[in-house]
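With this note's numbering, you'll find the sequence shown wraps up at 154, consecutive numbering, no jumps. Where is the CB? At the ideal position from N, CA and C, for every residue including glycine. The model shown is predicted, which means the values in this text are computed figures rather than measured ones. See below for the structure under consideration.
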Amino acid sequence: MLNFLEKKLNNLRWGSKILMVLGMLILGVAGVGVLAGLTIGKLTNNFSQAVHNAKLNLDSIIISRLSTLTMEHALANLIAVSDPDEIRSSAVAAIQSASILDENLDKLSKLYGNNPKVAELNQLNASIKPLRMKVIIAGKKNDDNCYPATGNGC
């Protein structure tokens with residue numbers, strides 16, 4: 001087999017031999033380029049997916065924090081106001097923020113599974129729900145003598 005190939009190559013001119021070697025080199029470089037392009041494309045897609053997932057996780061965390069702050073503000077406002085319309089709007093805002101917080105904590109639980117910090121957040125949120133509702137009820141009644149955390153008069 002090699003003898004046959006050697007005889008065929010001996011019959012070719014030097015220019016043709018050089019063109020064949022250059023052709024093989026160009027095909028090799030093109031093959032490496034295609035392989036590199038495919039690899040870079042795959043890495044780009046993987047990185048893009050990871051960034052998208054991180055953005056979703058971060059959005060859930062930010063919304064949870066924002067709803068916590070909004071709920072605290074609404075509860076503080078509920079305690080501070082005396083006008084019945086303001087009391088009602090503050091109570092509605094507090095309940096709405098608490099609902100958004102619950103939804104986002106559920107999303108975080110689904111996203112992070114058995115993460116101990118998320119479990120602790122859920123446990124803490126569940127433990128303050130009754131006190132939060134007592135504050136909202138006392139606020140709706142405009143009862144300034146009620147202190148749910150101490151159990152005074154509620």
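Comparing C-alpha positions only, which one of the options sits nearest to residue i?
| i | options | result |
| --- | --- | --- |
| A76 | A94, L9, I62 | A94 |
| N142 | I87, T68, K117, N104 | I87 |
| L101 | E120, L66, N10, S82 | L66 |
| N96 | S64, K55, L27 | According to the sequence as given, residue 96 is Gln; it is not Asn. Answer by Cα proximity: S64. |
| E103 | I62, V81, S89 | I62 |
| A54 | Y112, P130, N122, L38 | Y112 |
Given this structure, state the Cα-to-Cα distance separating residue i from residue j, to the nearest angstrom.
| i | j | result |
| --- | --- | --- |
| G139 | F47 | 49 Å |
| N57 | A50 | 11 Å |
| G41 | G33 | 12 Å |
| D83 | N114 | 45 Å |
| T68 | P116 | 19 Å |
| A119 | L105 | 9 Å |
| A91 | K107 | 24 Å |
| S60 | H52 | 13 Å |
| I128 | T44 | 44 Å |
| I79 | I136 | 8 Å |
| L22 | V29 | 10 Å |
| L124 | D85 | 31 Å |
| K7 | L27 | 24 Å |
| L38 | P130 | 57 Å |
For residue i, which residues in the same chain have their Cβ closer than 7 Å to its Cβ, ignoring the five residues on either side in sequence?
| i | result |
| --- | --- |
| A98 | M71, R132 |
| V81 | I87, S90 |
| N122 | L105, S109 |
Taking 8 Å as the limit between beta carbons, can you name the residues of its chain near residue i, skipping five residues before and five after?
| i | result |
| --- | --- |
| L5 | none |
Quiz item: Where in the segment 49 to 136 do unbroken runs of the alpha helix (DSSP H), each at least 4 residues long, occur, reported from the N-terminal end onward?
Solution: 84 to 112
Practice problem: At 4 residues or longer, and completely inside the segment 8 to 50: list those alpha helix (DSSP H) runs for me, N to C. | Solution: Listed in chain order, there is nothing to give.
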